[in-house]
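First comes the structure, then the notes that go with it.
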Amino acid sequence: MSTFVTQSSLPSLEEYMEEIRPIFDSKWITNMGPVYKKMQHQLIEYLDVPELSLFVNGHMALEMGLQTFDFPAGSEVITTPYTFVSTTHAITRQNLVPVFCDINPDDYTMDASKIEELITDKTVAIMPVHVYGNLCDVEKIQEIADRHGLKVLYDGAHAFGVKYKGVGVGNFGDMCMYSFHATKVFNTIEGGAIAFKDKKYQMRLHELKNFGIHEEDCVMDVGGNAKMDEFRAAMGICNLRHVDENIAKRKAIAEKYDELLGVVDGIRIQSVRDGVKTNYAYYPVYIDSAAFGENRDSVYKRLEESDIHARRYFYPASNDLDCYRTRMHVQETPVAHDTSLNILCLPIYPNLAIEEVEHICDIVRNGR
Ligand SMILES: *Cc1c(COP(=O)(O)O)cnc(C)c1O
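Counting with the working numbering, you get residues 2 to 369 for the letters of the sequence shown.
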C-alpha cells in the first residue's frame, strides 16, 4: 500500500450527514448562515482569538486581509521566500511587491534580525509564516513593526491550534490567516480564516468576501467572492470534535521520528521555540549531505521506490520560482535557498501506524 505525506481527516459519513441535515431542511446553503456562525463561534473559542472571519480558502483570506489595509499599489511587503507560493502570490496579486527576507537555519521562520535592513520608504507591512506550525519571533517582529509603523499579517496556514505562552497564535500581529485545506491539521475540505483583534476590520472583511456589497443597493468596495458555504462549515464542526485526539496521535508519531532519526548523524530535526505548544502538522528533516553521506533527493527517491511519498516542501523557495525570478528583482536568501534544497517532509497523519513510521525510518537510515 502507498504511504503519502498526509491523509485528510474525515468524520464518519453518519456524523457528517447528521450535521448537514438542518441545511437540507432550511435550504440556506451559503452566505453566512447558521452553520457558518456556529462554526465561527466554536473556532473563536478553540483558537483562542478575539475575532474570526471564515473564507472559502486560506489564499483568498490572505488576499482580502491585505486588501483591508488599502496599501497604495507598488508598496513593499517584507516576507519570507521559505513558504508555499500562496503567500508570495497573495502579495503580488494585490499589486504589492514582495521583498524577501532570509530565514533562521534552525526553525525556518523569518530571521527577524534581517528585517530592518530591507525597510525602505515604500515598506508598508511584514508578512511572515509560522512554518510547520512553529512560531515566528512574534515579539521582535512586533517591536520592529511598531517602530516603523508597519502592519503585520501572519500566514498561519500551518498553525491551527498552536499556542505561545498559553495564547492562541492568531493574537499576534494585526491579522493571522489560517488554512483549512484538506491537507492541513484541521480541514473544512477547502477553507480558511483571518483572525484579528481590531473590530474595525470585521465589516470590511465580511463585505470584501461578498463582492464588496454593503447594502442591497450599495457596493462600497471592489470585493470578490470568498465566502465559506454551509456544507464546509458543517465539515469543520465535525472535524473540530476530533482535532485534539488527532493532534495527540500526530504527537506520538513525531516523537517516534524524533527517537529514531534525532540520533542520526547528518539528519537535523526542526527546533521549536520555547513556550510554543505545537500541532505536529509536518515532520521536516534537514539532510546535511556531507555528514549523512547522501543528499535529500537521493533519500526522497529511495522512499519513492518503496511507495512512500515524502514531500520536498518548501521547494523551490518562492524567490527561486520562474514566475518571480524572471520578472522582478529578487533578494538573495542563502539560508532559505539551502533549506529548500535539503528539506524533506516525512509522512505524518493521525492514522499513520507506528510500525509504518519505523519502516520509513529504516529506509531513511538505510543501514546507518
Ligand atoms: C496551505 C497554505 C496556504 C494556502 O491555503 P489554502 O487554504 O490552500 O488556500 C498558504 N500558505 C501556506 C504556508 C500554506 O501551507
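The C-beta atom is built at its ideal place from N, Cα and C for all residues, glycine as well. These figures come from a predicted structure and were not determined experimentally.
Leaving aside the five residues that flank C239 on each side, the residues in its chain whose CB is nearer than 7 Å to its CB run, in chain order, P12, E16, Y17, E20. Per DSSP, L53 is one residue of the beta strand (DSSP E) stretching across 52-56.
CA-CA distance, G157 to C137, rounds to 10 Å.
Only residues of its own chain outside the window of five on either side were considered, and among them I238, L241 have a CB closer than 7 Å to the CB of Q43, listed in chain order. The DSSP-derived three-state label of Y179 is strand. In terms of side-chain proximity, the C-beta atom of L63 is found nearer than 8 Å to a non-hydrogen atom of ligand 1. For E144, the three-state secondary structure derived from DSSP is helix. A straight-line Cα-Cα distance of about 7 Å links N296 and I288. Closer than 8 Å to some heavy atom of ligand 1: that does not describe the Cβ of S319. Here DSSP, grouped into helix, strand and coil, assigns K210 to coil. Counting C-beta pairs closer than 8 Å gives three or more between the region 58-70 and the region 222-237, which meets the contact rule.
For Y83, the three-state secondary structure derived from DSSP is coil. A distance filter of 6 Å between CB atoms and the heavy atoms of ligand 1 selects the following residues in sequence order: N58, G59, H60, T84, F85, S87, T88, V130, D156, A158, H159, S180, H182, G193.
Residue environment: K38 is assigned as exposed (fewer than 16 neighbouring CB atoms within 10 Å of its CB, all protein chains considered). Taking C-beta atoms as the reference points, I309 and I364 count as a pair closer than 9 Å.
Contact between V273 and D108 holds, with the beta-carbon distance rounding to 7 Å and staying under 8 Å. Going by DSSP, V300 is part of the alpha helix (DSSP H) stretching over 297-306. Per DSSP, reduced to three states, the secondary structure at K38 is helical. Within its own chain, the residues whose Cβ lies closer than 6 Å to the Cβ of G162, once the five positions on either side in sequence are excluded, are N280, listed in chain order. Excluding five sequence positions before and after L353, the CB atoms of its chain that fall closer than 6 Å to its own CB belong to I254, given in chain order.
Going by DSSP, K198 is part of no beta strand (DSSP E) at all; its letter is neither H nor E. If you ignore the 5 residues before and after D266, its C-beta comes within less than 6 Å of the C-beta of A292, all in its own chain and listed in chain order. Annotation: P12 is outside any alpha helix (DSSP H) and is labelled neither H nor E by DSSP.
Beyond the five residues adjoining it in sequence on each side, D245 comes within less than 6 Å, by CB distance, of no other residue in the same chain. By DSSP's assignment, N226 forms a beta bridge with N211. Distance from the CA atom of F56 to the CA atom of I195, rounded to whole angstroms, is 8 Å.
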